[in-house]
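S.K.: Each position in the sequence shown, counted from 1, maps to that position plus 1 in the working numbering.
Each residue gets a CB set at the ideal place from its N, CA and C atoms; glycine is no exception.
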Amino acid sequence: MKDVMVIFDLDGTLVDSIEGLAYSMNSVLEANKMKSHSTETYFDFLGEGIERLVFKALPETHRDAESVSDYYKKMLVSYSDYFDRDLEPYDGIYEMLDTFVQMGVKMAIHTNKNERMAKIIAERYLGQYDFLRIIGDDGVRKNKPDHQEVLALLDAYEIKKDRCFFVGDTEVDVQTAQAAGVPMIAVTWGFRKSEVLKALNPTYMVNKPGEIVDIVKKVTS
């Protein structure tokens, strides 16, 4: 299946990273005498990148551009120390990726996470897999839901839209896939509840990583 591509979101899709993100941001807030948040609250803050997480976590009095930029830098320092706190791939992820490797499926990661951190996590936890690209927030490119990076991947590797699948767990992922015109597989084990995802009309919804393999096999056979 050299003409098939699967593009994955990272956080909430391939890896469970909520604890490290919450702990890192709460450490920054508490160090600056601000109210911290429960881990569950951070689920609602995620999906648009770390800078937007910082914006949402800060009190309204500190959401001006200068303050957000300052605390974003502090968050990156904190996250560099604590990103791997209870971080692990979700059950079934390794088996799914192993199967795609055996099938010859091309794979990439497209996340709104800071690109340097995304690459560190991918190397440490998914380093055995040859992802074509790991696309993150580099401060230059537009983040998801902008779909230009998806189109660029399709063009670079000569993949037709109906042979590419975008896999993710948030509204931003669904919007990205829909804008690019590629099938979207929404996963229910991530940062959004299934009813939220269902309302967005993704092409498919799955409860286990193995179901992603089943869809790709069925659609592309």
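For the region 48-104, list the alpha helix (DSSP H) runs that are entirely contained and at least 4 residues long, ordered along the chain.
M.R.: 51-58, 66-83, 94-104, all fully within the region 48-104.
S.K.: Is it the case that the region 88-95 contacts the region 41-52, given that we only count it when at least three CB pairs across the two stretches are under 8 Å?
M.R.: Too few Cβ pairs lie closer than 8 Å, so no.
S.K.: Have a look at K57 and Y24 and give me their C-alpha separation to the nearest angstrom.
M.R.: Within the sequence shown, numbered from 1, the residue matching residue 57 stands at position 56. Within the sequence shown, numbered from 1, the residue matching residue 24 stands at position 23. About 15 Å.
S.K.: For the beta strand (DSSP E) containing K36, list its first residue and its last residue.
M.R.: On the sequence shown, residue 36 is found 35 positions in, with the first residue counted as 1. From DSSP, K36 is part of no beta strand (DSSP E); its letter is neither H nor E.
S.K.: Following the continuous alpha helix (DSSP H) through G211, name the residue where it begins and the one where it ends.
M.R.: Indexing the sequence shown from 1 puts residue 211 at position 210. 210-221 is the extent of the alpha helix (DSSP H) around G211.
S.K.: To the nearest angstrom, how far is it from the Cα of E31 to the Cα of S37?
M.R.: Within the sequence shown, numbered from 1, the residue matching residue 31 stands at position 30. Within the sequence shown, numbered from 1, the residue matching residue 37 stands at position 36. Cα to Cα, the separation comes out at about 6 Å.
S.K.: Please return the same chain residues whose Cβ sits closer than 8 Å to the Cβ of V207, not counting the five positions on each side in sequence.
M.R.: Locating residue 207 in the sequence shown gives position 206, counting from the first residue. Closer than 8 Å at Cβ, skipping near neighbours: I186, A187, V188, T189, I213, I216.
S.K.: Thinking A109 and L154 are a contact (beta carbons under 8 Å), I'd like their distance in whole angstroms, please.
M.R.: Your numbering for residue 109 matches position 108 in the sequence shown. Your numbering for residue 154 matches position 153 in the sequence shown. Sure, about 6 Å apart at Cβ, within 8 Å.
S.K.: Measuring straight from C-alpha to C-alpha, what distance separates P184 and S81?
M.R.: To locate residue 184, count along the sequence shown from 1; it is residue 183. To locate residue 81, count along the sequence shown from 1; it is residue 80. Using only the alpha carbons, I get a separation of about 34 Å.
S.K.: Please report the residue range of the beta strand (DSSP E) in which V207 lies.
M.R.: The residue labelled residue 207 in the question sits at position 206 within the sequence shown. From DSSP, the beta strand (DSSP E) with V207 extends over 205-207.
S.K.: Please confirm if the region 108-126 is in contact with the region 9-20, defined as three or more CB-CB distances below 8 Å between the two stretches.
M.R.: Output reads yes: the region 9-20 touches the region 108-126.
S.K.: Figure out for me which residue from D99, N202, L77 has the closest Cα to the Cα of L127.
M.R.: On the sequence shown, position 126 is the one that residue 127 refers to. The option with the nearest alpha carbon to L127 is D99.
S.K.: What's the call for R193, buried or exposed, on a 16-neighbour Cβ count within 10 Å?
M.R.: Here residue 193 refers to the residue found at position 192 of the sequence shown. Classification for R193: buried.
S.K.: State the start and end residues of the unbroken beta strand (DSSP E) segment that holds I8.
M.R.: Taking the sequence shown and counting its residues from 1, the one referred to as residue 8 is at position 7. It spans 6-9 - the beta strand (DSSP E) in which I8 sits, taken as one unbroken run.
S.K.: Which word fits S222, buried or exposed, when buried means at least 16 other C-beta atoms lie within 10 angstroms of its C-beta?
M.R.: Counting from one through the sequence shown, the residue named residue 222 turns up at place 221. Exposed is the call here.
S.K.: Where do the ends of the alpha helix (DSSP H) carrying T112 lie?
M.R.: On the sequence shown, residue 112 is found 111 positions in, with the first residue counted as 1. Not the alpha helix (DSSP H): T112 falls in the beta strand (DSSP E), residues 107-115.
S.K.: May I ask you to report which of helix, strand or coil DSSP gives D147?
M.R.: Here residue 147 corresponds to residue number 146 of the sequence shown, with the count starting at 1. In this structure, D147 counts as coil in the three-state DSSP scheme.
S.K.: Between V29 and Y83, how many whole angstroms is the CB-CB distance? I'm expecting something under 8 Å.
M.R.: As a first step, residue 29 must be located in the sequence shown, where it is residue number 28. As a first step, residue 83 must be located in the sequence shown, where it is residue number 82. At roughly 10 Å, the Cβ-Cβ gap does not stay under 8 Å, so V29 and Y83 are not in contact.
S.K.: Can you give the beta carbon distance from V16 to L88, rounded, assuming they're within the 8 Å contact cut?
M.R.: As a first step, residue 16 must be located in the sequence shown, where it is residue number 15. As a first step, residue 88 must be located in the sequence shown, where it is residue number 87. About 6 Å; that satisfies the 8 Å criterion.
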